[in-house]
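Input: a single structure, listed below in structure tokens.
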Amino acid sequence: MSSATSINIAILAMGGEGGGVLADWLVRIGESHGYLAQTTSVPGVSQRTGATIYYLELFPMSTRRGDERMPVLGLMPMPGDVDLVVASELMEAGRAIQRGLVTPDRTHLVASTHRVYSMTERTAPADGRVDAQSILKACNTAARKLTGFDMARLAEANRSVISSALLGAVAGSRALPFPREAYEAAIRADGVGVNASLAAFAAAYLAAEQPAGAEAARERQDAPAGPTNLPLPAGLSGEARAVAMLGAQRAADYQDEAYARDYLARLAPFVALAQPMGEAGQQLLAEVARQLALGMTYEDTVRVAELKIRDTRFDRVRSEIGAAPDQVVEIAEFMHPRLEEIADTMPAAVGRWMLRNGFAKALVTRLASRGRIVRTSSLRGFLLLYGVASLKRFRRGALRHDREMRFLAGWLDIVRQAAAIDASLAIGFARLRNLVKGYGDTSERGHAKYQAICSFMSGELRNPSAPAMLKTLIAAAEKDEAGAALHTEMERLRREIATADQGTTALQAG
């Protein structure tokens, strides 16, 4: 009997990424070089909660003797028995490691380092993103060899899909015993999108072959638009200075340069407040700068309309779907503003009247009861959103702006009070603002949680355990949208405080 073994390959890819095409290419390459090839696939349950796993086994027929029976190839990847794992996204590489498909003694892992966030990450009340650096560290530890860089970006740059970049990374990393010409021949055999696929293949091949090229292909953060010459408050340094600069740029992009100066003016008093606190003071400054920028650039109907009609958005949509220059692309937006969002856009006095007056409420509710589809790629749809976006110049007089500025003033005052007591408590109250985000029901739930925590903590500011309690309450508030976990945690803390107070009273009486 021959002692030859098969080459076992697992491909983890999401729908629409060409995982099946990649598997077919590898089968074609294997068969053209005298390998017996078999491929199977197990689809995931739904988009981004489970990728399709394509499993291939390639057996070298040259090692089989004439009188030997044909080998029986496996149908599913087994932990510890995979030579090559190809992951179309970083989280899928992590899933492969969790399944035991990646082992340090055997597996070469080829993975794109970009992220496509899962539904649980997107819908988390707080920042639910999984730490990408932790996954990369696990990939380096778990695999015999890791070939990782942003293959999605290379594919997009060459107007192709990620499967061709993944194939280039496999070829360039020498993960399989086939020459480059074999991979390119497999792409040409399809006869569809050959030039774009070959271009993406070549770019990924180079990046995988030269580590410096791979490093250059990693994700880049685009610099935000806005002024960079606004004078920052003296005393800012390190992360606090960087965040303040980004915050000013964000505020200018959101409204105008005067708004950016207002942002810096609100931040300035905290510089002197934080100086005696040392490193903790700089942490407080960075958090206040971050949260103040987010709070001043709240989401409203004007902002939504403005972002939907920007040139950069149309360009991004065309790039994401791979539209050719001569192709017509239609974009349909589903819009369903509530009474509250409409009132928020009105001048403050008009908006308050609209929310109080029964006739006005009934009329606007009836008119807005049904959502509508707006085609921003049409002249009528574009002009409709352009009209809403043009209300930007009147934003400072709108009801929503009045309410948000009152809220921010109260929040900044609470942070100042906490800073006079304890730096870590002040940092906690600075982070508390992050519960308030979005608009509509999401904003209302965030405000309710924020007010509940502030009310609870108002009598405990000088409690030595106050920073820890505040941190616990924020974590509980972020667990669910309804606030059930927060309510449970508050009740537990109330019982603990009551028990501690009873103990203190008994000691004093004794």
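Letter by letter, the sequence shown follows residues 0 to 509 of numbering that gives the first Met the number 0.
Ideal Cβ placement from N, Cα and C applies to all residues, glycine included.
In the DSSP assignment, what are the bridge partners of residue i?
i, result
"tyrosine 53", "Ile10, Ser40"
"tyrosine 34", "Pro59"
"alanine 110", "Ala86, Gly147"
"tyrosine 332", "Note that residue 332 corresponds to glutamate in the displayed sequence, not to tyrosine. According to DSSP, glutamate 332 bridges with Val373."
"proline 346", "Ala397"
Can the beta-carbon of residue i be found closer than 7 Å to that of residue j?
i, j, result
"threonine 112", "alanine 207", "no"
"leucine 57", "glycine 17", "no"
"leucine 283", "alanine 425", "yes"
"alanine 141", "isoleucine 96", "yes"
"glutamate 480", "arginine 432", "no"
"leucine 434", "lysine 448", "yes"
"valine 327", "arginine 317", "no"
"arginine 179", "alanine 185", "no"
"alanine 9", "leucine 100", "yes"
"valine 160", "alanine 154", "yes"
"arginine 374", "alanine 331", "yes"
"tyrosine 258", "alanine 250", "yes"
"alanine 203", "glycine 167", "yes"
"threonine 102", "glycine 79", "yes"
"leucine 165", "glutamate 91", "no"
Using the three-state DSSP reduction, which class does residue i fall into: helix, strand or coil?
i, result
"threonine 146", "strand"
"proline 466", "helix"
"isoleucine 372", "strand"
"glutamine 326", "coil"
"alanine 511", "This structure leaves residue 511 out entirely; the chain is present only between 0 and 509."
"proline 275", "helix"
"glutamate 495", "helix"
"asparagine 356", "coil"
"isoleucine 308", "coil"
"serine 457", "coil"
"glutamate 16", "coil"
"alanine 586", "Outside the shown range of the chain (0 to 509) lies residue 586, about which nothing can therefore be said."
"alanine 481", "coil"
"asparagine 139", "helix"
"phenylalanine 177", "coil"
"serine 45", "Note on serine 45: pLDDT 48, under 50, position unreliable in the model; the coordinate value appears next. Three-state result, serine 45: coil."
"arginine 337", "coil"
"tyrosine 116", "coil"
"serine 163", "helix"
Going by C-alpha to C-alpha distance, which of the options sits closest to residue i?
i, options, result
"alanine 347", "Ala483, Met404, Gln248", "Met404"
"arginine 430", "Ala419, Ile420, Ile413", "Ile413"
"alanine 22", "Ile52, Val327, Val115, Asp299", "Ile52"
"leucine 135", "Arg493, Leu89, Ser368", "Leu89"
"threonine 4", "Gly15, Gly19, Ala36", "Ala36"
"histidine 446", "Gly482, Arg128, Lys470", "Gly482"
"isoleucine 308", "Gly350, Gln290, Phe333, Phe381", "Phe381"
"tyrosine 54", "Val109, Pro76, Arg143, Asp252", "Pro76"
"valine 270", "Glu256, Ala259, Ala288, Tyr258", "Ala288"
"tyrosine 438", "Arg461, Phe393, His400", "His400"
"arginine 394", "Met456, Ala342, Glu238", "Ala342"
"glycine 33", "Gly19, Ala12, Leu11, Met60", "Met60"
"glycine 19", "Val41, Arg371, Leu235, Arg128", "Val41"
"serine 454", "Ser423, Ile420, Ala418, Gly409", "Gly409"
"leucine 25", "Thr296, Ala188, Glu120, Arg240", "Ala188"
"methionine 295", "Leu407, Asp310, Phe358", "Leu407"
"glutamine 254", "Ala388, Ala497, Ser133", "Ala388"
"alanine 201", "Ile452, Glu340, Asn157", "Asn157"
"glutamine 209", "Arg173, Glu339, Ala475", "Arg173"
"arginine 392", "Arg415, Asp252, Asp104", "Asp252"
With 16 other CB atoms within 10 Å as the buried threshold, where does residue i fall?
i, result
"serine 163", "buried"
"serine 87", "buried"
"histidine 107", "buried"
"leucine 366", "exposed"
"isoleucine 320", "exposed"
"phenylalanine 148", "buried"
"glutamate 286", "buried"
"threonine 300", "buried"
"asparagine 139", "exposed"
"glutamate 490", "exposed"
"glutamine 274", "exposed"
"glycine 386", "exposed"
"glutamate 495", "exposed"
"leucine 378", "exposed"
"leucine 362", "exposed"
"threonine 38", "buried"
"phenylalanine 177", "buried"
"isoleucine 6", "buried"
"proline 230", "exposed"
"alanine 198", "buried"
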